[in-house]
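Reading through the structure tokens given below for one structure.
Numbering (this note's numbering), first residue to last: 71 to 236.
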């Protein structure tokens with residue numbers, strides 16, 4: 071029966087080839103199905119453009135209700151006294167006294183710090199918001215205000231009130 075053996079061999083060879091292809095394709099199909107099932111194929115879809123809309127609900131700066139001349143006059147009446155600072159690991163730590171010379175209660179102050187080199191040129195300038203409630207005509211001591219990293223070449227600091235909120 072040599073004919074039968076050759077038919078079996080041909081069938082076995084064909085079955086082995088088909089089995090190899092199925093064993094190669096089936097895991098790939100299973101992997102794609104798992105990605106589809108767990109919704110991990112989102113990268114194939116077109117992404118919708120995100121549209122953002124910004125609305126100003128309220129103006130946080132109460133000085134804008136005054137005219138420019140009145141604003142400058144009010145800012146001149148707010149002063150920074152006794153500005154003492156030191157650098158700790160490159161971070162400037164300030165202790166200062168805020169004097170409110172106006173007739174309105176002060177809720178926060180934006181202070182501009184100008185760090186100077188030995189030749190009195192400005193190395194860096196930073197503006198920090200300090201929240202301190204200061205009654206009209208009074209002063210308030212603020213300590214441990216961290217302004218940020220400063221250069222080692224900084225030898226002085228000038229301060230001025232940049233903005234205020236009443």
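Don't be surprised by glycine CBs; every beta carbon is placed ideally from N, CA and C.
The beta strand (DSSP E) enclosing residue i, as first and last residue numbers
i	result
residue 180	176-186
residue 226	226-235
residue 201	192-204
residue 23	Outside the displayed span of the chain (71 to 236) sits residue 23, for which this structure offers no information.
residue 170	161-170
Contact set for residue i: own chain, Cβ-Cβ below 6 Å, skip 5 residues either direction
i	result
residue 180	197, 199, 232 and 233
residue 187	193 and 223
residue 153	166 and 229
residue 210	168, 202 and 204
Between the CA atoms of residue j and residue i - distance to the nearest angstrom
i	j	result
residue 142	residue 172	12 Å
residue 97	residue 120	37 Å
residue 166	residue 159	20 Å
residue 178	residue 170	11 Å
residue 84	residue 107	33 Å
residue 164	residue 174	25 Å
residue 91	residue 117	36 Å
residue 219	residue 95	59 Å
residue 110	residue 76	48 Å
Reference residue i; option with closest CA among the options
i	options	result
residue 229	216, 150 and 218	150
Simplified DSSP assignment, three categories, for residue i
i	result
residue 220	coil
residue 122	coil
residue 77	helix
residue 116	coil
residue 90	helix
residue 211	strand
residue 109	coil
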